[in-house]
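I have placed the structure first, in the form of structure tokens, so that the comments after it can refer back to it.
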Amino acid sequence: MTTMATPTQSTPDAQMPQYNPKSESMGAKRVKSTLFHIVALALTAVVLYPALWMVASSFKPNSEIGGTNTSLWSSNFSMDNFVTAMDGIGGVSTLQFFTNSLILAVGAVVGTVLSASVSAYAFARIKFPGRSVFFGMMIATLLLPFHVVIIPQYIIFNQLGLVDTYVPLLIGKFLAADAFFVFLMVQFMRNLPAELDEAARIDGAGHVRIFTSIMLPLMKPALISTSIFSFIWSWNDFLGPLLYLNTPDKYPLPLALRLFVDQTQSSDYGAMIAMSVLALLPVLIFFLIFQRYIVEGVSTQGLKG
Amino acid sequence: MINRRHFITTVAVGTASAAALAACGTGSSSSGETGSAEKPVTINYTWWGNDDRAERTRKAIALFESKNADIKVNGNFTDFAGYWQKRATEAAGGGLPDVMQWDLSYLRDYGQRNQLLDLSTVKINTDAFEKSLLPSGQIKGKTFGIPTSTNAFAVYYDPAKLASLGITEPDGSWTYKEFNEFLVSVGSKSNGALFGSTDYTGVWWMFNVWLRQNNIEAFTSEGKLGFSKDDLKKWWNLTADLRGTPAIISEERVTQLAPKSPFGSNVTATEVTWDNFMAGYLGDSGAKELKLVPVPSDDKDNLGLFLKPSMLMVASAKTKYKDAAARFIDFMVNDPEVGQIFKTSRGVPASKTQRDGTTFEGTDKVVVDYETSIAQYLKDAPEPPIVGFGTLETSFKRVASDLNYGKLDINGAADAWFKEAEDLIKQNA
Chain A
3 MTTMATPTQS
13 TPDAQMPQYN
23 PKSESMGAKR
33 VKSTLFHIVA
43 LALTAVVLYP
53 ALWMVASSFK
63 PNSEIGGTNT
73 SLWSSNFSMD
83 NFVTAMDGIG
93 GVSTLQFFTN
103 SLILAVGAVV
113 GTVLSASVSA
123 YAFARIKFPG
133 RSVFFGMMIA
143 TLLLPFHVVI
153 IPQYIIFNQL
163 GLVDTYVPLL
173 IGKFLAADAF
183 FVFLMVQFMR
193 NLPAELDEAA
203 RIDGAGHVRI
213 FTSIMLPLMK
223 PALISTSIFS
233 FIWSWNDFLG
243 PLLYLNTPDK
253 YPLPLALRLF
263 VDQTQSSDYG
273 AMIAMSVLAL
283 LPVLIFFLIF
293 QRYIVEGVST
303 QGLKG
Chain B
4 MINRRHFITT
14 VAVGTASAAA
24 LAACGTGSSS
34 SGETGSAEKP
44 VTINYTWWGN
54 DDRAERTRKA
64 IALFESKNAD
74 IKVNGNFTDF
84 AGYWQKRATE
94 AAGGGLPDVM
104 QWDLSYLRDY
114 GQRNQLLDLS
124 TVKINTDAFE
134 KSLLPSGQIK
144 GKTFGIPTST
154 NAFAVYYDPA
164 KLASLGITEP
174 DGSWTYKEFN
184 EFLVSVGSKS
194 NGALFGSTDY
204 TGVWWMFNVW
214 LRQNNIEAFT
224 SEGKLGFSKD
234 DLKKWWNLTA
244 DLRGTPAIIS
254 EERVTQLAPK
264 SPFGSNVTAT
274 EVTWDNFMAG
284 YLGDSGAKEL
294 KLVPVPSDDK
304 DNLGLFLKPS
314 MLMVASAKTK
324 YKDAAARFID
334 FMVNDPEVGQ
344 IFKTSRGVPA
354 SKTQRDGTTF
364 EGTDKVVVDY
374 ETSIAQYLKD
384 APEPPIVGFG
394 TLETSFKRVA
404 SDLNYGKLDI
414 NGAADAWFKE
424 AEDLIKQNA
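Residue numbers (our numbering), protein chains in the order written: chain A, 3 to 307; chain B, 4 to 432.
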């Protein structure tokens, strides 16, 4: 849209890309910088408002959340919601829900990283009969919606007596059933120079040695993005745990959160929001620590070999 | 979400019917495996609900186990929406829990597909139940559900709000004209600060009550619609003059307030709904006191009211422990001490034994007193709703809200809903 503007009718918007430092004074620069920051802050406020609302509401009494209460501020701020949230539900402590979520998430990360990297190595570096067929089949599973397989899967796990254990939720991760991650790593590995493993082979290294000593260290960005995504997906997964877990002792956080809102009785929005804030913290911390690698991982995937 | 859920249900239902076919011919009349004090059997019981219900149920289970040393009960719970997703999958996979808390709108669906145990084949005492209530758990002569508790339709109002506007409290003997005038006076005396009510013609069950007042059944015994398009138009015309005035809150405002109700947000003075929503409204609005009066009717002797099971107890058709399941259900619906634990949090106890053994105070008493006060007007509870009833109820609400938005006129709205309803009934026939 800026390309259409002629110099005589240029808008401030249109001037930005044609910025010429020589022709401008320090004052004009400062105004521009200030304007830029105001606009940026305003946009940030809009984007972050839901999060802000959540944090503010977590300190409000239940009757002041939603409905006619549109203000973020309340004169009745208290920690009560957090106390209720930490009390747990139906005799199960909130710490237990956190632990369960953590077991599932860490299990998912470990399983996915181990299985997906090994499978990816096979697809990217080993020539075996039917490789492209198997690769195609794996990609095909990406196109298969989860909901198609729910019931057959449930029947299998039910017959095996594995319902109400973590096995149905984790076994797929250890068997590289997440085709997305395998595909991601295959693409990453294909971009690594083949000369590296050829050199290792000349030195007498087998597949195991090449994989552990050459490939794994080079794949760090891919491994990290895989870990991050599988952690977050597992942390937020609702349907899987809902179907496969029966005992409240084994519930992860997303299931527990829903128990605070019951339309058929009274809903404790305050406690639910407080618990949402708490549930968000691990993901947030995880993100802050690995933020650098996320950007690195994603940008590396885009590079050509 | 809706598509996903619908899809699961469809798949579940398909697989379930296959499973049901396969199960034919293996019928047995034994009471199933039984346990002893040394070697108790474990039955699974599942319910939906919040922390409060989980706590109360835990107490009830502990009491049951202390009285029945040969049975252990393993209790599980989820939220309402997740509950039905999980049941659909389990039904398809043959893994339904032994005993379940149940909702009336799902009874026919699972009952017709032979997923639920016919409770008339086991020993459950129903002597203390109102005879008018039991048919709501029965389909074609089989008893699939026993009501734990009842609810009835009522008009809620906040006496403090009416007093501040100088409006006298209603006594509940009113015609639709009088009710409308009441709503208008709330809107005009508060200068629009307080609306009279939400549009009550958008509430399916209120429509159902009105049909009964006019001696029309909502559904025929063949599962078809029992009323005509003209009936529906007449119903929606009742508030035609009120829409867009302060007597009735606008749809825009209702949407802004969601997920809270306008009444719970202190924006309306009255609300027409089930009497067991009391605790939720009190919690949401922070009001000191809310009162209940009967719904309007143009026929003083026929208020169209009925008791509906607010929830039922059912058992899985595949349970290995029929006897234990029956004893647990009997205990949950009849035992006075269980009534004392739950009070009215499940609704008003349906069994007289349980109701008489429970002391009701405060809010609980308001609800129980209301149901006692309307006893003389009560008619038979409706049969379990047709399959897909939930969808019908939702579309009724949606079409009525389009009417309020002014997107549809009354003729268009009636046409739109009838088309959806007839398609759905044909689909599920």
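Cβ coordinates follow ideal geometry from the N, Cα and C atoms, glycine included.
Small disclaimer: the values here were computed from a predicted structure and weren't measured.
Worksheet item: Does the Cβ of Asp15 (chain A) have 16 or more other Cβ atoms within 10 Å, making it buried, or fewer, making it exposed?
Response: Taking the first residue of the first sequence as position 1, residue 15 (chain A) is located at position 13. At Asp15 (chain A) the pLDDT is 49, less than 50, meaning the model places this residue with poor confidence; the figure from the coordinates comes in the next sentence. The Cβ neighbour count for Asp15 (chain A), taken over all protein chains shown within 10 Å, is under 16; the residue is labelled exposed.
Fill in: Residues near Phe399 (chain B) by beta carbon distance below 7 angstroms, same chain, minus five either side
For the purposes of this step, residue 399 (chain B) is taken as the residue at position 396 of the second sequence. So the list reads Trp207, Trp420, once near-sequence residues are dropped.
Worksheet item: Using DSSP with H/G/I as helix, E/B as strand and the rest coil, what is Phe99 (chain A)?
Response: In the first sequence, residue 99 (chain A) corresponds to position 97, counting from 1. In this structure, Phe99 (chain A) counts as helix in the three-state DSSP scheme.
Practice prompt. In the DSSP assignment, find the unbroken beta strand (DSSP E) run with Glu274 (chain B) in it and report its ends.
Written response: For the purposes of this step, residue 274 (chain B) is taken as residue 271 along the second sequence, with counting starting at 1. Bounds of the beta strand (DSSP E) holding Glu274 (chain B) are 273-277.
Worksheet item: Using 8 angstroms as the limit for Cβ to Cβ distance, is Gly190 (chain B) near chain A?
Response: Locating residue 190 (chain B) in the second sequence gives position 187, counting from the first residue. With 8 angstroms as the cut-off, Gly190 (chain B) does not count as an interface residue toward chain A.
Worksheet entry | Same chain, Cβ closer than 7 angstroms to Glu254 (chain B), five either side skipped, listed in chain order | For the purposes of this step, residue 254 (chain B) is taken as the residue at position 251 of the second sequence. The residues are Ser404, Asn407, Tyr408.
Discussion item. Excluding the 5 residues flanking Val187 (chain B) on each side, which residues of the same chain have their C-beta closer than 6 angstroms to its C-beta?
Written reply: Locating residue 187 (chain B) in the second sequence gives position 184, where the first residue counts as 1. Taken in chain order, the residues that qualify are Ala250.
Worksheet entry | Partners in chain D for Pro262 (chain B), counting only beta-carbon separations shorter than 7 angstroms | The chain inventory of the structure shown lacks chain D, comprising the protein chains A and B.
Practice prompt. Rounded to whole angstroms, what's the CA-CA distance from Val120 (chain A) to Phe213 (chain A)? Just pull it up for me.
Written response: Within the first sequence, numbered from 1, the residue matching residue 120 (chain A) stands at position 118. Within the first sequence, numbered from 1, the residue matching residue 213 (chain A) stands at position 211. The alpha-carbon atoms of Val120 (chain A) and Phe213 (chain A) are separated by roughly 8 angstroms.
Worksheet item: So does the segment 56-75 of chain A actually touch the segment 272-283 of chain A, counting three or more Cβ pairs closer than 8 angstroms?
Response: Because the criterion of three Cβ pairs below 8 angstroms is met, the segment 56-75 of chain A and the segment 272-283 of chain A touch.
Worksheet entry | Identified DSSP bridge partners for Leu295 (chain B) | As a first step, residue 295 (chain B) must be located in the second sequence, where it is residue number 292. Looking at the DSSP assignment, Leu295 (chain B) forms a beta bridge with B:Tyr159.
Discussion item. For Arg61 (chain B), would you say it is in contact with chain A, using Cβ-to-Cβ distances shorter than 8 angstroms as the test?
Written reply: Within the second sequence, the letter at position 58 stands for residue 61 (chain B). At least one chain A Cβ lies under 8 angstroms of Arg61 (chain B).
Discussion item. Only counting the same chain, and skipping five residues up and downstream in sequence, which positions put a Cβ closer than 7 angstroms to that of Asp412 (chain B)?
Written reply: Here residue 412 (chain B) corresponds to residue number 409 of the second sequence, with the count starting at 1. By the criterion of a C-beta distance shorter than 7 angstroms, Asp412 (chain B) is surrounded by no residue of its chain, once the five residues flanking it on both sides are discounted.
Worksheet entry | Nearest-angstrom beta carbon gap, Leu293 (chain B) and Leu285 (chain B) [assumed within contact, 8 angstroms] | Indexing the second sequence from 1 puts residue 285 (chain B) at position 282. Indexing the second sequence from 1 puts residue 293 (chain B) at position 290. Indeed they touch by this definition, with Cβ atoms about 6 angstroms apart.
Worksheet entry | Cβ neighbour criterion (16 or more within 10 Å) applied to Ala243 (chain B) | In the second sequence, counting from the first residue as 1, residue 243 (chain B) sits at position 240. By the neighbour-count rule (16 or more Cβ atoms within 10 Å), Ala243 (chain B) is not buried but exposed.
Practice prompt. Starting from Gly1 (chain B), find everything on chain A with Cβ-Cβ shorter than 7 angstroms and list it in chain order.
Written response: No statement about residue 1 (chain B) is possible, as the shown extent of chain B runs from 4 to 432 and does not include it.
Item to complete: Spell out the partners DSSP gives Gly78 (chain B) in its beta bridges.
Response: Against the second sequence, residue 78 (chain B) aligns to sequence position 75. The beta-bridge partner set that DSSP reports for Gly78 (chain B) consists of B:Tyr48.
Worksheet item: Are any of the Cβ atoms in chain A nearer than 8 angstroms to that of Ser268 (chain B)?
Response: In the second sequence, the residue the question calls residue 268 (chain B) occupies position 265. Yes, Ser268 (chain B) counts as interfacial toward chain A.
Item to complete: Closer than 6 angstroms by C-beta to Ala202 (chain A): which residues in its own chain qualify, once you throw out the five before and the five after it? Chain order, please.
Response: Here the question's residue 202 (chain A) lines up with position 200 in the first sequence. Ile212, Ile216.
Worksheet item: For Gln104 (chain B), which three-state DSSP category applies?
Response: On the second sequence, residue 104 (chain B) is found 101 positions in, with the first residue counted as 1. Strand, per DSSP.
Worksheet item: From which residue to which residue does the alpha helix (DSSP H) around Thr92 (chain B) run?
Response: Here residue 92 (chain B) is taken as the residue at index 89 of the second sequence, counted from 1. Where Thr92 (chain B) is concerned, the enclosing alpha helix (DSSP H) starts and stops at 83-96.
Discussion item. For a contact defined as C-beta to C-beta under 8 angstroms, what are the partners of Gly308 (chain A) on chain B?
Written reply: Nothing can be reported for residue 308 (chain A), as the shown portion of chain A is limited to 3 through 307.
Worksheet item: Measuring CA to CA, which of A:Lys222, A:His209, A:Leu255 is closest to Ile128 (chain A)?
Response: For the purposes of this step, residue 128 (chain A) is taken as residue 126 along the first sequence, with counting starting at 1. Looking at the Cα atoms, A:His209 is the closest of the given residues.
Discussion item. Tell me the residue span of the alpha helix (DSSP H) that contains Ala196 (chain B).
Written reply: Numbered from its first residue, the second sequence carries residue 196 (chain B) at position 193. From DSSP, Ala196 (chain B) is part of no alpha helix (DSSP H); its letter is neither H nor E.
Worksheet entry | 7 angstroms CB neighbourhood of Asn128 (chain B) in its chain, flanking five on each side removed | Translated into the one-based positions of the second sequence, residue 128 (chain B) becomes position 125. Asp333, Asn337.
Practice prompt. Could you please give me the residues that DSSP links to Leu228 (chain B) through a beta bridge?
Written response: Numbered from its first residue, the second sequence carries residue 228 (chain B) at position 225. Beta-bridge analysis with DSSP links Leu228 (chain B) to B:Phe222.
Worksheet item: So, Thr70 (chain A) versus Ser268 (chain B), is the Cβ gap smaller than 8 angstroms?
Response: Within the first sequence, numbered from 1, the residue matching residue 70 (chain A) stands at position 68. Within the second sequence, numbered from 1, the residue matching residue 268 (chain B) stands at position 265. Yes, the Cβ-Cβ distance between Thr70 (chain A) and Ser268 (chain B) is below 8 angstroms.
Worksheet entry | Chain-ordered residues of the segment 64-89 of chain B with a beta carbon less than 7 angstroms from chain A | Correct list: Asn79, Phe80, Thr81, Asp82, Phe83, Gly85, Gln88, Lys89.
Discussion item. So for Pro352 (chain B), helix, strand or coil by DSSP?
Written reply: Mapped onto the second sequence, residue 352 (chain B) falls at position 349. Three-state DSSP puts Pro352 (chain B) in a strand.
Worksheet item: Does the Cβ-Cβ distance between Val212 (chain B) and Phe156 (chain B) come in under 8 angstroms?
Response: On the second sequence, residue 212 (chain B) is found 209 positions in, with the first residue counted as 1. On the second sequence, residue 156 (chain B) is found 153 positions in, with the first residue counted as 1. Yes; because the gap between Cβ atoms is below 8 angstroms, this pair is in contact.
Worksheet item: Taking Cβ-Cβ distances shorter than 9 angstroms, what residues in chain B pair up with Pro250 (chain A)?
Response: What you label residue 250 (chain A) is simply residue 248 of the first sequence in a count that begins at 1. Chain B residues near Pro250 (chain A): Ala57, Gly78, Asn79, Phe80, Thr81.
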